[in-house]
Amino acid sequence: MLKTFTSALVLLAASLLASAQPPSFDPASKVFRLDGGGVSYAFGVNSRGELQQLYWGGRLAATDAFPQAAPMPEWASFDASYTNTPQEFAGWGQGLYNEPALKVSFPDGNRDLVLHYQSHTAIANGFEVVLKDISRPIFVTLHYAIDAESGILSRSATIQNKGTDAVTVEQAAAAAWTLPPAHYTLNYLTGRWAGEWNLTQEPIHPGARVLESRRGSTGHQANPWFAIQTGDANEDHGSVWFGALGWSGSWRITVEQDQLDEVRVTGGFNPFEFGYVLHSGEKLETPIFYGGYSPDGLGGASRLLHRYEVKNILPRTPDTATAAAPKPRPVIYNSWEATEMNVNEAGQIALAEKAAALGIDRFVMDDGWFGKRKTDHAGLGDWYVDPDKFPHGLKPLIDKVHSLGMDFGLWVEPEMVNPDSDLYRKHPDWVLNFPGRPRTEQRTQLVLNLARPDVRAYVLGFLDKLLNENDIAFLKWDYNRNWSEPGWDQLPANEQKKVYVEFTRNLYGILAELRQRHPKIEIESCSGGGGRVDLGILRYTDEVWPSDNTDSFDRLTQQDGFSYAYPTQVMLAWVTDTPNWLNKRTTSLPYRMLSSMQGSLGIGANIVKWTDDEHATAKRLIAAYHQVQPTIVQGDLYRLISPRNNSEFSATQTVNPAKTQSVVFAFIHSTQKGRGFPTLKLQGLDPAAVYALSPIEGKARAGSPTVASGAWWMNHGLDLDQDFRGDFQAAAFRLDKK
Ligand code: DGJ
2 MLKTFTSALV LLAASLLASA QPPSFDPASK VFRLDGGGVS YAFGVNSRGE LQQLYWGGRL
62 AATDAFPQAA PMPEWASFDA SYTNTPQEFA GWGQGLYNEP ALKVSFPDGN RDLVLHYQSH
122 TAIANGFEVV LKDISRPIFV TLHYAIDAES GILSRSATIQ NKGTDAVTVE QAAAAAWTLP
182 PAHYTLNYLT GRWAGEWNLT QEPIHPGARV LESRRGSTGH QANPWFAIQT GDANEDHGSV
242 WFGALGWSGS WRITVEQDQL DEVRVTGGFN PFEFGYVLHS GEKLETPIFY GGYSPDGLGG
302 ASRLLHRYEV KNILPRTPDT ATAAAPKPRP VIYNSWEATE MNVNEAGQIA LAEKAAALGI
362 DRFVMDDGWF GKRKTDHAGL GDWYVDPDKF PHGLKPLIDK VHSLGMDFGL WVEPEMVNPD
422 SDLYRKHPDW VLNFPGRPRT EQRTQLVLNL ARPDVRAYVL GFLDKLLNEN DIAFLKWDYN
482 RNWSEPGWDQ LPANEQKKVY VEFTRNLYGI LAELRQRHPK IEIESCSGGG GRVDLGILRY
542 TDEVWPSDNT DSFDRLTQQD GFSYAYPTQV MLAWVTDTPN WLNKRTTSLP YRMLSSMQGS
602 LGIGANIVKW TDDEHATAKR LIAAYHQVQP TIVQGDLYRL ISPRNNSEFS ATQTVNPAKT
662 QSVVFAFIHS TQKGRGFPTL KLQGLDPAAV YALSPIEGKA RAGSPTVASG AWWMNHGLDL
722 DQDFRGDFQA AAFRLDKK
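In our numbering, the protein residues as written are 2 to 739.
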């Protein structure tokens, strides 16, 4: 009795603590405080007028009060108080040796910038805080907003030149985050084409670790996400601070343990090659840097981030405009691996007929349908239907796809041009280039300078026309190279570096405008796989293509890495043919299907050649997937056993928000020494509820219960069939609340 009463009190206290608490500013202590979910964040104006970070971590009581921020002391004569004090947004000047948030050069040669608090306004879920240089009219407005549910903060800055002379912004971060001295591990995502999404983990040492892209776009090689965990934290327990930058151009995140062991994470535009001229009155908006905290390990951090991304970042279509979340993605068929560029009306119709019979929702025709696109040497830029391949235009194919009960999607690569194209012959000046210098080709293509108003108008114009003239539900928007020779010779020499900002802004602008003109259109972000996945592009695109690597075994580790930063909802995963083109690995169709069913499922095989048995297997599993898809793609994800580090086994589990359904996937890489699959202790279920287990593929251990409490599944666990052994084996189960 006493125990019940105490736990009720604990619950009440927890819910009071987590209840909504508006952002506050205490004029006496000059402390700003933001609270949301299980998180509190505080900063204040110190005695010098700098904006100083005070706290970021687990939720504090509403009655807890911070004293006024006190600058850190000088550390001998080499590190002044200014450089030791954790500032929210430090200007480079006055002897700052750590990473600055902002660096500006003035026409008179002055490069000293010292930002002090000037004023603030409260907004619904945060603040706008204005800083100003101590003598010059450079103003910075810092935007803070906290999500009441997850406690995730969004931070960005607007830099304005209110002087009469132009100034050059040489470095501009969106935000800097500070953590107190401790032993930390940094997690970040690295890769290469066809090898994205490797989770890299390393201790944080004194000095700086720079994560970045200098490529003009997000890049496969590093992704703008980080998580920092305390020494004792792991997948399920312990403190984790995480963040993600919403920018699809060149970016940089610097994780720096300073001379006093504080850890600072500064992120925004990549300062390499940066130089943004602000004329009198002009402003520069930085991207948004999102940051969160979880006391529940890396798993808790990614669950918070996934929920936030699905609800707050992803775009909506009219039918989900006011819903809590966008719809699960349609199951798609994509023609790329089946036909590559050899697309034509009859071939695509034959694939579409097979796709419809499998239960596919959307048929997507990939590269090859336009211009003189026989190989990747020609055609990009000429966005008219190839009359040899489609003599009657796209209409007969689209009508056929519709009559089969699917909607139609089309591949485009709007920002690129082949030198062998009508567009390039007409407008050779439209590409990124330095006049008189070579134009380096990659995949025999050049990058159109989307920062130019005429190029922006052309790209928006042809896409708009394409969507006006054809009943297209979905665009796969590809981007198959990085920048070289990034000149913009329409502008004066000292202003050309603006291309790093304006290109990406125009990309976002085109996507936004297209979605406004065609509210039902859905878009995929692809850049030769996962080269443009970030929280900037995800405001305008409904899904991403994580990798050109379609080997279902490799995909397990890639999907695992992806899941630390991005939600399953956007993670497209095709089932393709075997042996896989990249690794030459042969795996069974159920294994390939289950690997892809962990994400937003697609089929990318040459299904015209599939046997009846293969069709039947795929059809059965697509139907099973449709039944549980919302739980898989929008439920809470638990990484039960990681496939990383050549693990013998791996397993994931998802639980829907109501805790009425759960889906479990289990994979064997290669059984060793006869070891059976470990008992899977499930997570996130209601311990008091009763759940019935049913197989999607594979079997539970003979004699083990199929109906049991959530407590049983979580404490005792799920035992798989004794014979579940071998190489590249897969099983999947669903649990439904009785
Ligand atoms: C790269 C993409 O990642 C592939 O899926 C495919 O669309 C090709 N481009 C087409 O050129």
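Note that beta-carbon positions come from the ideal geometry of N, C-alpha and C, so glycine has one too. These numbers come from a predicted model, not from an experiment.
Assigned exposure category for residue i - 16 Cβ within 10 Å defines buried
i: D455; result: exposed
i: W76; result: exposed
i: I124; result: exposed
i: A99; result: The identity of residue 99 in the sequence shown is Asn, whereas the question assumes Ala. Counting Cβ neighbours within 10 Å, N99 comes out buried, since at least 16 surround it.
i: F554; result: buried
i: H121; result: buried
Integer-rounded CB distance, given that residue j should sit under 8 Å from residue i
i: D389; j: F371; result: Contact flag wrong, Cβ pair sits at about 11 Å.
i: L132; j: Y118; result: 6 Å
i: Y626; j: L602; result: 5 Å
i: E236; j: G192; result: Actually they do not touch by this definition, with Cβ atoms about 21 Å apart.
i: V170; j: F107; result: Contact doesn't hold; Cβ gap of about 11 Å is too wide.
Rounded C-alpha distance that separates residue i from residue j
i: H280; j: Q258; result: 36 Å
i: L12; j: T179; result: Low local confidence applies: a pLDDT of 42 at L12 is under 50, so the model's placement there is unreliable, with the coordinate-based value given in what follows. The straight-line gap from Cα to Cα measures roughly 31 Å.
i: P644; j: L35; result: 37 Å
i: N188; j: G196; result: 17 Å
i: I289; j: G38; result: 20 Å
i: P319; j: N85; result: 50 Å
i: G437; j: S485; result: 14 Å
i: A732; j: G410; result: 31 Å
i: N740; j: S526; result: No answer is possible for residue 740: the residues shown for the chain start at 2 and end at 739.
i: V413; j: F270; result: 27 Å
i: N647; j: G488; result: 44 Å
i: R265; j: T542; result: 31 Å
i: D408; j: P580; result: 30 Å
i: T707; j: Y42; result: 45 Å
i: Q684; j: N345; result: 48 Å
i: S214; j: Y501; result: 12 Å
i: F90; j: D549; result: 39 Å
i: E208; j: G268; result: Reading off the sequence, residue 208 comes out as Gly, not Glu. Answer to the nearest angstrom: the Cα atoms are 16 Å apart.
i: P74; j: A302; result: 34 Å
i: V402; j: I642; result: 40 Å
i: Q517; j: D465; result: 11 Å
Backbone secondary structure at residue i - three-state DSSP
i: Y189; result: strand
i: G603; result: strand
i: Q497; result: helix
i: F563; result: helix
i: K401; result: helix
i: Y291; result: strand
i: R330; result: coil
i: W194; result: coil
i: G300; result: helix
i: N224; result: strand
i: W337; result: helix
i: G1; result: Because the chain spans 2 through 739 in this model, residue 1 falls outside it and cannot be assessed.
i: V534; result: coil
i: K610; result: helix
i: H184; result: coil
i: T558; result: helix
i: Y1; result: There is no way to answer for residue 1, as the model of the chain reaches only from 2 to 739.
i: Y309; result: helix
i: K163; result: coil
Residue i and residue j closer than 9 Å at C-beta
i: F666; j: Q599; result: yes
i: G711; j: D687; result: yes
i: E544; j: E523; result: yes
i: S48; j: P72; result: yes
i: L742; j: L52; result: For residue 742 there is no data in the structure shown, the boundaries of the chain being 2 and 739.
i: F435; j: L190; result: no
i: Q446; j: N483; result: no
i: K660; j: V691; result: no
i: N162; j: G282; result: yes
i: L306; j: Q570; result: no
i: Y639; j: A228; result: no
i: P547; j: W198; result: yes
i: I361; j: D472; result: no
i: L359; j: I604; result: yes
Neighbour flag for residue i against chain C, beta carbons, 9 Å
i: A70; result: Among the chains in the structure shown there is no chain C, since it carries only a single protein chain.
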